[in-house]
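This report refers to the structure that appears directly beneath it.
Numbering (the working numbering), first residue to last: 47 to 454.
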């Protein structure tokens, strides 16, 4: 009876349970992902009025009409399902023929993987190969994607510096000197973001020859390969290498055809490498945007005068920004050969991050501090000239007198 009474009493007793509040347990690799300096500046600029942006590298020129029409036609035709994971067959053929003609290189569809922009292509290349003990050579400065991706996947980064004093050209001897027994790959961004440097054929061929001899992979980011202002002979890895066994060439439609938001890129490599990358691709985005791939076919097979017209406009803007930087106190400029960026140096002791922040607050001009692109680039800023000459003039009407007042 007593036990029964105790059981009844227990049923009437309300049990109080305390729950511990816990924070999300993030992957330790997240520590390798910094908040990009470009995003900090743009987020602050969004809270301000009358800001002139010389920050984000996105084309301001309109997408050519025939490309837009192809996208719309694909939608109207009901082309909104998945394509093959390697890419739309028509686009694979168009890319094969385009690169075959441009670089006199025989390719097959199996040498190409279509991705959701060049960013996914580089993500696949790095995440599929970076591992503890593997070292990747990266230029400093370089596009802010590379180093964090390598570190997120357990790899190590070794930087090779370039400088405004020699137009940020890459010294092949310095690259070769940086190679060692743990060097697995080299990231070659040509034309370069953020410097706009275009590497000559002699540089590319020397580096590729040494990498082939040592068995080092080369991941070539060539998204600005059409934005060349002074030399028609662009040295792509596709026409500077004997074979594709240690080469991955990455590009996209974003910059060449003003299709940044349509998100279609690709990687060209050996058939064995593409077969492996497809496995990673199927577990990331699976396929690229279908209507965008039809638009890409139109871009490659249509009249290329639109590209020539865009290059002429960017060249005019390049010349304008070089002239304006030369007039700016405390900035050491040079003549970028491609892309749509300049990366002027500041005096050695000047913190580019602090300067860019103060300039934004006090003049309303937004540019990106150099440390967003490399640990050795703290005394620099990136200026994007993917905007009109009128806006460039307006921006430097604020910058030049403000810089003249600084006491560095």
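Don't be surprised by glycine CBs; every beta carbon is placed ideally from N, CA and C.
DSSP-derived helix/strand/coil call for residue 205: strand
Buried or exposed (CB count within 10 angstroms, at least 16 for buried), residue 430: buried
Cβ separation of residue 297 and residue 277, assumed to be a contact under 8 Å, to the nearest whole Å: About 18 Å separates the CB atoms of residue 297 and residue 277; that is not less than 8 Å, and the two are not in contact.
Endpoints, alpha helix (DSSP H) assigned at residue 364: 351 to 372
Distance between residue 71 and residue 274 (C-alpha atoms, nearest Å): Roughly 46 Å separates the two Cα atoms.
Short Cβ contact (8 Å threshold) for residue 304 with residue 163: No, the Cβ-Cβ distance between residue 304 and residue 163 is not below 8 Å.
Other residues of its chain near residue 158: CB distance less than 8 Å, five sequence neighbours each side excluded: Within the same chain, residue 158 has close Cβ partners 132, 133, 138, 141, 142, 312, 313, 314, 320.
DSSP three-state assignment for residue 294, whether helix, strand or coil: strand
Stretch pair the stretch 166 to 177 + the stretch 322 to 337: three plus CB contacts closer than 8 Å: yes
Bridge partners - residue 264, DSSP secondary structure assignment: 232, 293
Contacts around residue 288, its chain only, beta-carbon distance under 8 Å, and the 5 residues preceding and following it disregarded: 258
Beta-carbon proximity list for residue 280, same chain, < 7 Å, skipping 5 on both sides: 271, 274
Buried or exposed (CB count within 10 angstroms, at least 16 for buried), residue 388: Here residue 388 is buried. Its C-beta has 16 or more other C-beta atoms within 10 Å.
4 or more residues per run - each alpha helix (DSSP H) lying fully within the stretch 100 to 127: The qualifying runs are 111 to 122.
Continuous alpha helix (DSSP H) stretch holding residue 340: start and end: 336 to 347
Residue interval of the beta strand (DSSP E) (run including residue 417): Per DSSP, residue 417 belongs to no beta strand (DSSP E) and is neither H nor E.
Meets three-Cβ-pair contact criterion under 8 Å: the stretch 85 to 103 and the stretch 409 to 424: yes
Proximity winner among 454, 382, 370, 235, relative to residue 445 (alpha-carbon distances): Checked all of 454, 382, 370, 235; the closest Cα to residue 445 is 370.
Length of the line joining the Cα atoms of residue 154 and residue 148: Inter-residue distance for residue 154 and residue 148 is about 15 Å (C-alpha atoms, whole angstroms).
Spatial neighbours of residue 107 in its chain, beta-carbon cut-off 6 Å, leaving aside the 5 residues before and after: 304, 356
Spatial neighbours of residue 342 in its chain, beta-carbon cut-off 6 Å, leaving aside the 5 residues before and after: 137, 299, 310
Buried versus exposed call for residue 115 [16 or more other C-beta atoms within 10 Å across all chains shown]: Result: exposed.
Cα-Cα separation, residue 464 to residue 427: Here the chain comprises residues numbered 47 to 454, so residue 464 is not present and cannot be evaluated.
Inside the stretch 168 to 229 only - alpha helix (DSSP H) runs reaching at least 4 residues: 192 to 198, 218 to 224
DSSP three-state assignment for residue 79, whether helix, strand or coil: coil
Local conformation of residue 428 per DSSP, three classes: strand
Classification of residue 79 by the beta-carbon crowding that lies within 10 angstroms, buried from 16 upward: Counting Cβ neighbours within 10 Å, residue 79 comes out exposed, since fewer than 16 surround it.
Where residue 91 falls: helix, strand or coil (DSSP): Reduced to three states, the DSSP call for residue 91 is helix.
Other residues of its chain near residue 112: CB distance less than 6 Å, five sequence neighbours each side excluded: Excluding positions up to five away in sequence, the list reads 344, 348.
Residues sharing a beta bridge with residue 161, DSSP: 311
Residue 172 vs residue 229 beta-carbon contact at 8 Å: no
Residue span of the alpha helix (DSSP H) that contains residue 485, given as start and end: Residue coverage of the chain in this structure runs from 47 to 454, which leaves residue 485 outside it and unanswerable.
Beta-ladder partner(s) of residue 378, from DSSP: Residue 378 pairs with 391.
Cβ shell of residue 218 (< 7 Å), same chain only, five flanking positions each side left out: 249, 252, 253
Exposure label - residue 284; buried when at least 16 CB within 10 Å: Answer is buried; the Cβ neighbour count reaches 16.
Short Cβ contact (8 Å threshold) for residue 99 with residue 374: No, these two residues do not count as a Cβ contact at 8 Å.
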